[in-house]
Amino acid sequence: MKRINNSVIALSLFAGMMYTHAQEKKQLTLDEAVQLGIQNSKSLKIDAAKIEEATADLLEARNRQLPELKVSGSYMYLPVKPTVNLKLPGVSGAGGPEVSQVAFGSANLSVPLYSGGKIKYGIQSAKYLVEASKLSTENDKIAIAYNVAQAYNNLFKANQSIKVLEENLTASQKRDETFLKLENNGVIARNDRLKANLQTSNIELQLLEAKNNYNIANINMDLLLGLPDATEIEVDQNYIDESNEVKAVDFYLNEARENRKDLQALDQQRKAAALGTRSAKSENLPSIALTGGYVAADIPKFLTVYNAVNVGVGISYNLSNLWKENSSLKQSQAKEMQLSATNDMLNDNIKLDVNREYQNSDYSKKRIAVFEKSAEQANENYRITKNKYDNGLATMTELLDADAAQIAANVGVINAKADAALAYRKLLQTTGTLTIK
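Shown next, in the form of structure tokens:
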């Protein structure tokens, strides 16, 4: 039985050592985390594919202005003798030549000269759409930068909560030891010692919850940054002490109008739609192209043709446009109306977002001062209550309540500073100026 227990203990120690070894630690600043998040973002890989697709559409539009050259050739064997009856004046078709094979080839060249502007508008529209795709990617980068900052902030808060709770748990456990001695010496009642034990148990539960939140936040960060799941991220708390001077709300509104990438992308889409309307109108115009060709044919014992070169001008016009309504034009005009309404709605949303995040940022900064004052009061209250308790002037309940209030106030200060730093980054995101280093 002892061998089994020893084996189990050894196996547990080995597994614990392996797990500790597997837990790779990586220290990252917030800016480094943001950069990693952008580099490994799956959504940005999708955006890159969309840019490639828009670029391919631009290449297709440019190809339409290039000459078209087509070459074709055929060879046919005739296993059954065909009947050849020539109808040419003065030429008898009786006993015509025996035709058993035919070979011919041709080359045709077409150079567009005028297409009503469809080619030109198509190229310019495709350029606008490529630019819109790139701007959308930049907007997504800013969103990812904030998402990473938010996850980093959650990880920091969870880690700080663990530190504070661990310190208070150590102090509470020492107090339990002291109270047990006092109870054994008959100085305090058993009920008072049990109240202190209950406080310790509550702190242990809070610590378990904080560690659980930390583990979840750490896994979330690993996924966002593209790191192995077992990587433990060590955060740098210096970001919460950044001094960010908040300016007037009009400043941020102007920044948003000038820098919001989604607004700029929508503007490019509107330009592309306007060109689409002009291109649709040009469908009612004729197309003109320069044409050229070469034909060669060989029918043994009957006909040989070569150097049959032709050059000319081709004009095409769809007469059905005279009685058919231009559906493409109506669709393009509807697209313009839709994008115009979207633009108005986006501008309203930007105003709302900037004003809301401006108020949240201001509120978060004011909360820091309140929490610091509250923590100062809670710490002083605990010191006074502890002195009173030591001199028999305060109850155990009062001491434990003062201790709990002190813990909550100290954690509150840390969280308030972290939330203020995140709120300011959210404000910058709504203006499109969140820097990505």
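Going by my numbering, the first residue of the sequence shown is number 46, and it counts up by one from there.
The beta-carbon is built from N, C-alpha and C at its ideal position, and this holds for glycine as well.
Compute the Euclidean distance between the alpha carbons of Val-116 and Val-340, then round it to the nearest angstrom.
10 Å
Is the beta carbon of Ser-377 less than 9 Å from the beta carbon of Ser-160?
no
In whole angstroms, what separates the C-alpha of Arg-220 from that of Gly-437?
16 Å
Alpha-carbon to alpha-carbon, Ile-429 and Val-232
21 Å
Where Gln-80 and Gln-313 are concerned, what is the direct C-alpha to C-alpha distance, given to the nearest angstrom?
27 Å
Apart from the five residues just before and just after Arg-374, which ones in its own chain have a Cβ nearer than 8 Å to its Cβ?
Correcting the residue type first, residue 374 is Leu in the shown sequence and not Arg. The residues are Thr-322, Ala-325, Lys-326 and Glu-328.
Span of the beta strand (DSSP E) holding Glu-113?
113–122
Can Val-294 and Tyr-403 be called in contact, C-beta distance under 9 Å?
yes
Would you mind stating whether Asn-258 and Ser-181 have Cβ atoms separated by less than 9 Å?
no
Roughly how far, in whole angstroms, is the beta-carbon of Gly-477 from the beta-carbon of Ala-301, given that I think they are within contact range, below 8 Å?
6 Å
Strand pairing of Ala-353, partner residues [DSSP]
Val-340
Are the beta-carbon atoms belonging to Glu-28 and Leu-154 less than 9 Å from one another?
Residue numbering for the chain in the displayed model covers 46 to 482; residue 28 lies beyond these limits and cannot be assessed.
Using a Cβ-Cβ cut-off of 7 Å (strictly less than) and excluding sequence neighbours within five positions of Ile-503, which residues of its own chain qualify?
Past the edges of the chain, shown from 46 to 482, lies residue 503, and the structure says nothing about it.
Burial state of Leu-308 (16 or more Cβ within 10 Å)
buried
Tell me the DSSP bridge mates of Tyr-159?
Ile-333
First and last residue of the alpha helix (DSSP H) that includes Glu-249?
235–270
On a Cα-Cα basis, can you pick out the residue from Leu-269, Glu-277 and Thr-245 that is closest to Asn-260?
Glu-277
May I have the straight-line CA-CA distance separating Leu-250 from Asp-237, to the nearest angstrom?
20 Å
Given a cut-off of 9 Å on the beta-carbon distance, is the pair Tyr-191 and Val-280 in contact?
no
Sequence-distant residues of its chain with Cβ nearer than 7 Å to Leu-243 (five each side left out):
none
Kindly indicate which three-state DSSP category Gln-146 falls into: helix, strand or coil?
strand
Which residues does DSSP list as the beta-bridge partners of Leu-73?
Val-280
With DSSP as the reference, please indicate the residues paired to Ser-361 in a beta bridge.
Ser-332
With C-beta atoms as the reference, is Ala-468 less than 9 Å away from Met-266?
no
Between the beta-carbon of Leu-445 and the beta-carbon of Ala-241, is there less than 9 Å?
yes
Would the region 410–417 count as touching the region 363–373 if we require 3 or more Cβ pairs under 8 Å?
no
Taking only the alpha-carbon atoms, compute the straight-line gap between Thr-100 and Asp-393 and give it to the nearest angstrom.
31 Å
Any idea which residues DSSP pairs Asn-153 with across the strands?
Lys-115 and Gly-338
Under a three-way DSSP split, which group does Leu-348 fall into?
strand
Is the Cβ-Cβ distance between Leu-397 and Leu-311 less than 9 Å?
no
Going by DSSP in three states, Gly-167 sits in which element: helix, strand or coil?
helix
Secondary structure at Glu-287, three-state DSSP: helix, strand or coil?
coil
Straight-line CA distance for Tyr-122 to Asn-355?
28 Å
May I ask which residues mark the beginning and end of the alpha helix (DSSP H) holding Glu-472?
As written in the sequence, residue 472 is Leu, which differs from the Glu given in the question. Unbroken alpha helix (DSSP H) run through Leu-472: 441–476.
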